[in-house]
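Residue numbers (our numbering), protein chains in the order written: chain C, 1 to 118; chain U, 119 to 635; chain A, 636 to 1137; chain X, 1138 to 1701.
Positions of the beta carbon are idealized from the N, C-alpha and C atoms, including for glycine.
It should be emphasised that the depicted structure is a prediction, and the values quoted were computed from it without experimental measurement.
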Amino acid sequence: MSSEMKTPETDPSKLPWLGRKLLWLDNTRNVGHIIYALLILCAGLVAADFMYHKHSYLDIEDIPGFYAAFGFLMCAALIVCARVLRVILKRDEDYYSPKDIASEAYPEEQLSRETIND
Amino acid sequence: MLSSLSAHMPVLQVIVLLIAAPLCALFGNRHLAWTIAFIAALAAFVISTFLLGSVLDGSVISYHLGGWAPPWGIEYRIDAANAFVLFIVSLIGVLVLPYARQSIEREFEASTHTYFYTCYLLCLTGLLGVAATGDAFNVFVFLEISSLATYALVAFGAKRDKRALTAAYNYLIMGTIGATFFVIGIGFLYMVTGTLNMADLAVRLAEVGDTRVTRVAFVFILVGMGLKLAMFPLHLWLPNAYSYAPSAITAFLAATATKVALYVLLRFTFTVFQFDFPVQELTFEYVVMPLALVAMFAASIAAVFQKDVKRLLAYSSVAQVGYMLLGVALLTEAGLTAGIIHLFNHAVTKGALFLAVGCFVYQIGSSRLGDLKGIGKTMPWTTAALTAGGLSLIGVPLTVGFISKWYLIQASLETGSLWIAGLIVASSLIAVVYVWRIVEVAYLEPAPEGRKAKEAPLSMILPTYALVAASLYFGINSELTSSAASQAAKALYSATDLAVPPMQLTPSDPPSEGAVQ
Amino acid sequence: MSPELAITLTILLPAAATLLLAVLDKRPNLREAVSLLTAGALFVIVLGLLQTVLDGAQPTAHWFDVLPGLSLAFEIEPLGMLFGVVAAGLWIVTALYSIGYMRGNNETNQTRFYICFAIAISAAMGIAFAANMFTLFIFYEVLTLSTYPLVAHKETDVARKGARTYLGILITTSIGFQLVAIVWTWVVAGTLDFEQGGILADKIDPTLLPFLLALYAFGIGKAALMPFHRWLPAAMVAPTPVSALLHAVAVVKAGVFTMLKVGVYIFGIDLLATTGAADWLMWVAAFSILAASIVAMTKDNLKARLAYSTISQLSYITLGMALATSLGVMGGAMHIAMHAMGKITLFMCAGAIYVATHKTEISDMDGLGRLMPFTYGAFFIGALSIIGLPPLGGAWSKWYLMLGAADAGQIIMMGVFMVSSLLNIAYLLPVVARGFFMGNTGPLAYSVGAAAVPSKGIQEAPLWCVVPPCLTAIGCLLLFFYAGDIYTLIEPVAFPEGTSQP
Amino acid sequence: MTDLFPPFLIFIAGALLLPLVPNGHPRALVAVIVPVISAYFIWMMPEGMHGQFTLVGQELTLLRVDKLSTIFGLVFSLAAFLALIYAWHVRDTIQQTMALLYAGAAIGAVFAGDLVSLFIFWEGTAIASVFLIWARRTEGAYWTGMRYLIVQVGSGVILLAGMVLQYNETGSMAFEAMTLGGPATWAIFIAFGVKCAFPLLHNWMPDAYPAATVTGTVILSAFTTKLAVYALARGFAGTEILIYIGATMAIFPVFYAVIENDLRRVLTYSLNQQLGFMVVGIGVGTELALNGTVAHAFASILYQALLFMSIGAVLFRTGTARASELGGLYKTMPLTMIFCLIGAASISSFPLFSGFVSKSLILSGSVHEGHYIVWGVLLFASAGAFIHSGIKVPFFAFFAQDSGMRPKEAPWNMLLAMGITAFLCIAIGVYPDPIYALLPYEVVYVPYTTTHVVTQLQLLFFSALAFTVLMRAGIYPTELKSVNLDFDWTYRKLGPALIKGVRSLISSVWGALIGAGLRGVNFGIAALERAHGADGLLARAWPTGSMVLWIAVLLGATLLLNYM
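See below:
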């Protein structure tokens, strides 16, 4: 999300039609809008919990916003755990080298690297 | 005519040669001498074949020399055992002659060739006589005849290598000592029994029983014959004698002399001393058997390190004698059969081998391994013969060597001694090493530059191949040899030759008291 | 043709052909024609015999007695028939291949080569059809000696040394152990005839049985049971058709075939099962299977790797026998055919690679598969069959071997077969994988969107080096579908009347 | 040999025909047509046992047609069809052939009516698929392929062992529902488990899938594991231990997926996780749960393929699939991005996408049977799946920080394949009835209830919220070039190290022994030569006196013996 690195400018006219349409995502402010939209949607969904009769098998499901809380907390926990795990599990890319795909490039002749500038 | 001749077969076996021998020298022409010798030897072979044929069923032929009945007169007593030996000796005798004719051309002067044939025939006479006779002292006499002739024959090799003289001299000393010991033994026996006829001796010795004199007599005979048959460690004369003698003689001696000596030992051990004689068992168990085993290994290993093929084969002979003695020392009928069959098989094999080596000597003047590189391509037939003989030494199936090994292993397993069987095969494996040294050099090494060698002449190749063929034939079909050997073993081991009344070939004489028990 | 004459012919025909081969020394085309014709004729005769045996007969032939009571005699029972068909059938292929290889490589002494080859086949036939252990032993030794010149063919120092090891071990074991074992058997049993159910029951103290079996098992050096396996890699100095003959057709198969014969007809499966005399052998064989595979993985020389693979695979058969169950015998017998077909393919491919490129080390072979697609394809199929994967013949023999192990209650032995399969992959398939996918030689069939244009084209070995392995590769495939016929053939041996049949 | 034409033969025939067809569009066309024909045959096959014949004494049933096998057969054909369109540009004969053989073997296995034929096809999938990895033609791919193959064939031989034991016990080779008991069933169970990537047996998958070629991974992702799911459903439905195995499978790959950098590996972990859901369904074993498993397998093949296709397209155009190197591609590859998002939505079970209508069957199935904790775990896993596959994969590939790469849109064939797949994902999500109709049991389930939609949306949006918040807060782990240790460390590092140690130990001991032995032998030979050689004691020419001495010694000794 941070944009310390200067992204190379590309002539928008060379982009495909759909790509041009999506260019507004480049704008940081628009990203902010998306996040606000997300927040509003979340609030709406919790509110919705009060507006219908929940079909539930478990008592715990009846707690309003249970799924919301469950989702948020679990994901937060997951990410935090993963971060801790990575400290333990992370190794250099050439850890298994030289006989490992992680440390080698994909063979060029099997690719078709074409850029829009071509 | 024929019938009267056939009646005198046992003595003719010896006499023909004895008469022919001086004739060779008398006529002084080497071609004529050869012809006489060959005819005589051929006659001897025919006679021996006839004799073998008549006794294979287990019967015994007793011939009274000059019509004097034993035990007073000299008896020629032919049973399966000595008929078999006669057959081998005369077979080799006749086969070596054509070979010798060519072979000696390059080994010594033509002028001495007549003497060579004379000595050869005398030697053959002696060997056949030893085997044929049933009289102990007669054995000694013939032994001396053959030995003296042998010394001379070995000395003939001096033209090629002066060391033949020393070898002959040593052989003379040793042989004489051996003969002397033997005659001392006989003297002791005569002392206690008053008889020299072997059959009679057996009967009387049984009456005399186990005394110190008989014991000493036994030991002297054993050691005396041990010398002649190259029992380890009394074999020391053999390598030199075999190495330096003329090729034909080496082959002849290797195939016959030691075999006949072994026969004498067997005859005395199993026929004369056959009574309940604990010393005999003791001696075989604690002296002969260990020495035989040591021979099998020590001599085989010595063969491995030899650089001269003749000498290599000579050591191999010492080892092979070890096999025969081992079979005998098992003191069972199976063991004895094994020993006797090996006696025949080895004679054929070693004869073939020495003849083949003789071909090399004839063509390239050397039998050193280093000189035989790549010879398989220039002298393919000779080398093939050598290889075939070598395979037989190893004991590869379809050769006689295999038959011997089979019987020996079987005999040792029947006595329940797996370890002896193990030692037998272990020693055969050493044979693989020394045989394969020759094969590799002959076939797989590149031939040296500039050696001009071609295949040996037919007259040498043919006798060689006759023996090779024999060693293959009797390896594929051992009917004859195995039945002869087991018959011989029976004849020696069980007392049948005394229990069965001998066939009287001299019609005038009734069976003597001594001969019939 | 009477069966007796047919049997005699199977042995004498190749032997007689040697004379003709010798005469035709200077006329290679005729000589090779004789070689091929003999092979073809032999195969026809053997097929005729096969028909007789499938009809339930056991044709016999008696030549003569070598020793009183011990004769050179022949009797065709199913196991021998199987071995006979395999040997005779693959001889044709090898003969074809030899022509391509020997000429493609400009080898010297070709006549000697063909002569020894014919003698070896003659001996193999003798082994296959032997009616008693004595006859078998005789031909066993003939086989050893006749293959010696083949191993020493190149007459270099290495060849001499290899041949020395070859002969040394085979002769040492056969005379040192096997001969003693045979005489021992003869002494206690009074016969050496192969009889269903064995000849040793009640004849020998059961505590001695393991020792006797040990003498046999190690005495049959051709079965390459560790530690008497060194001859096999040593023999790799020989030209490749020889390796094919040694490792697939004649020599090693003669070894394991003898092993089976001893187990089935001398000891008898029941005797082994009840006394447990073969238990130790099972472990030794299992060790051989795994150890040889591991050694194979470390070998970079293709032929050496295949040699160790053979050592491992041979012990499958020994293990099958040592399991002392009917199914184990069935698996072992089947593996004779399956392994023969697979391994001969591999060796012929190795030879074809050598003829085409003169490369022997696997690490030098990267990318060759794209130059030699047929050779490598055949190699792949052969390898899969050795590994034991369907739909190739090797799968069935492994199936029965594992069933045998299960039947014997030997879960560990099942594990051995399983691990061995995986090890097989680890040492056989790298050749294929690297051949097809690694390295930069050969056509690049990738270039996206464009038609694949081979940059160097296909550079296969001469035709007669390539066709035979392809034929045997197809054979591997066919064996999967016709394994039932082998089963039917072996059935009377593995499941004699009275034993339950699955 | 059979009264019906087995569909796998179509694939084999196609594979044999393929090399003969000119490489290029004709060949690609042939390859694409094959699965269509196969699907037609499968569709037309009547239920029952067909293709029975005897091979080497074994009664084989090549075709067991029932609803369970038919739906797998159909989805496999479909997957092959899509993957082959995706691979239209590939000109590598081996890859083309093997892709067909692989699909054929998988379809053959699904219809196999007995263990023997199952085993045959089981090994077939292993062998054919490895070529798709090797075809990458790099050293790493070669080694990965070897590992993959050994594991896959290992699964086969374990299956073989199980069959053998089974046969030995029961005399039957039938492939029917089994109960875990003796070693036989356990072996079969583990064999299935290896291919299904049970926890600790799973490493082959994250090892191999990212290593395959662009197209290879798409093909690989469809068959092997789903075949295992089929086999488990057939053989071990209702085996309780599967519930816990499945639950574990659904959770732990999540963590790896979150921290993994290689997006194809992220997807592999997520695939593994999806299998966990299916395994739980099998473990629960009720009609509802099994329906869920089958439906989820169907849906997951499609969306997983779609995800792999889109990342594959990125890889194809940029040469990398590393999150740390990608970003901002939405500008130039918008269609690929959209397809990826559709796949992501499907795997995250957004309403109207395929995952929603299939996964919920399993969840309901487990909660119906009272497995509440498992239910909770699966719920967590769903949220996790959304994080790593629903958000992380598209986000880091197409959005995030602009990598500066401006690749062209994926080629037409890839877009076509992705388009069809995406369409199917949505179609199933919107209108699941046709799929429900294909399921093995009668479906009485309505996925679209208010409760379900709202709760699911809550779960997903709040997960997204958590992602956003933690991302903004900088807690979300950044994408770094790295590899993460997994259980395969045991056999890629620990095992070799141990073996190396043991080997050096053994070889030094062995070397010492051999050295000593050789010295001994040499010494022995030297000693022998000293004694027996030309001048040795035993072979030299002795003077006469010494010879006589020996005679005396022997005579004396023998006499002595005789007098004792």
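Looking at residue j and residue i, is the spacing between their C-beta atoms short of 9 Å?
i	j	result
U/Arg-385	U/Lys-425	no
A/Ala-849	A/Leu-925	no
U/Gln-481	U/Ala-571	yes
A/Ile-804	A/Gly-856	yes
A/Gly-986	A/Thr-910	no
A/Phe-769	A/Leu-847	no
X/Leu-1297	A/Met-1053	yes
Is there a C-beta anywhere in chain X that falls below 9 Å from the one on residue i?
i	result
C/Ser-112	yes
C/Asn-27	no
U/Ile-291	yes
A/Pro-1131	no
A/Gly-1050	yes
Taking the continuous beta strand (DSSP E) assigned at residue i, which residues delimit it?
i	result
U/Trp-537	Note, U/Trp-537: premise wrong, no beta strand (DSSP E); alpha helix (DSSP H) at 536 to 557.
U/His-182	179 to 182
A/Val-701	695 to 702
X/Met-1186	1185 to 1192
X/Thr-1198	1195 to 1202
Closer than 9 Å, CB to CB, is residue i near chain U or not?
i	result
X/Asn-1659	no
X/His-1187	no
A/Arg-795	yes
X/Gly-1670	yes
A/Ala-696	no
A/Ile-773	yes
A/Ile-806	yes
Between residue i and chain A, is there a C-beta pair that is closer than 9 Å?
i	result
U/Trp-499	no
X/Tyr-1304	yes
X/Leu-1286	yes
Output needed for residue i: all residues of its chain with C-beta closer than 7 Å, excluding positions within five of it in sequence on either side, in chain order.
i	result
U/Met-292	Leu-345 and Trp-355
A/Leu-717	Ala-968, Ile-971, Ala-972, Ile-1121, Leu-1124 and Ile-1125
Taking Cβ positions only, does residue i come closer than 9 Å to chain C?
i	result
X/Arg-1667	no
My assumption, with CB atoms under 8 Å, is that residue i sits in contact with residue j. Please give the rounded CB distance.
i	j	result
U/Ala-413	U/Gly-440	3 Å
Just to confirm my understanding: we take residue i, look at its own chain, exclude 5 residues before and 5 after, and list those with CB closer than 6 Å. What are they?
i	result
A/Gln-745	Met-737
X/Pro-1584	Val-1494 and Ser-1497
X/Gly-1383	Gly-1413, Val-1416, Val-1417 and Gly-1420
A/Ile-623	In the structure displayed, chain A extends from 636 to 1137; residue 623 of chain A sits before or after that span and is not available.
The alpha helix (DSSP H) with residue i in it runs from where to where?
i	result
X/Ala-1518	1509 to 1522
X/Ile-1612	X/Ile-1612 -> no alpha helix (DSSP H), and no H or E assigned at all.
Quick one: does the C-beta of residue i sit closer than 8 Å to a heavy atom of the ligand MG?
i	result
U/Phe-274	With respect to small molecules bound, the structure shown includes none, and the ligand MG cannot be examined in it.
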